[in-house]
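For the sequence shown, the residue numbers in mature numbering (1 follows the signal peptide of the UniProt record, and there is no 0) are -19 to -1, 1 to 80. Here is the structure we will look at.
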Amino acid sequence: MTVSTIAALLGAFAATLTAEEAVLAVAMPEAAQGLRATIEAIRNATREAIEAAVAAPGDAFERMALLRHAVDLEGFDGPLVARIAASLAAASQMGSPTV
């Protein structure tokens, strides 16, 4: 299983919990706070996994998938997004499929 696949699974899980947290916040605000902490922990674990994968040599196609997940986590102007984009640009200039 690739980091991209794991990031997709964790992202889907976090999105589901976020929706549940929104509903729970209306009925039980104190319980929703605990769920928010869990969601943030999942997002942090996803970010750390992506950062580790970006630090290691890898395939440009995998980097593209990781870029999509990084955008989901940080938005288009996040530092992780910039790092992945820079590594892809450098590989592209060298004509290498490996980053």
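Here a beta-carbon is modelled for each residue, glycine too, at the ideal position from N, C-alpha and C.
{"Asked": "Inter-residue Cα distance where the pair is Ile65 and Gly(-9)", "Found": "18 angstroms"}
{"Asked": "Member of Gly39, Ile31 and Val52 whose CA lies at the smallest distance from the CA of Ala72", "Found": "Gly39"}
{"Asked": "Contact under 8 angstroms by Cβ, Glu32 with Leu61", "Found": "yes"}
{"Asked": "Beta-carbon gap between Ala34 and Leu47 smaller than 8 angstroms", "Found": "yes"}
{"Asked": "Among Ala37, Met9, Ala(-6) and Glu2, nearest to Arg(-17) - alpha-carbon criterion", "Found": "Reading the sequence as shown, one finds Val at residue -17 and not Arg. Here the closest residue by C-alpha is Ala37."}
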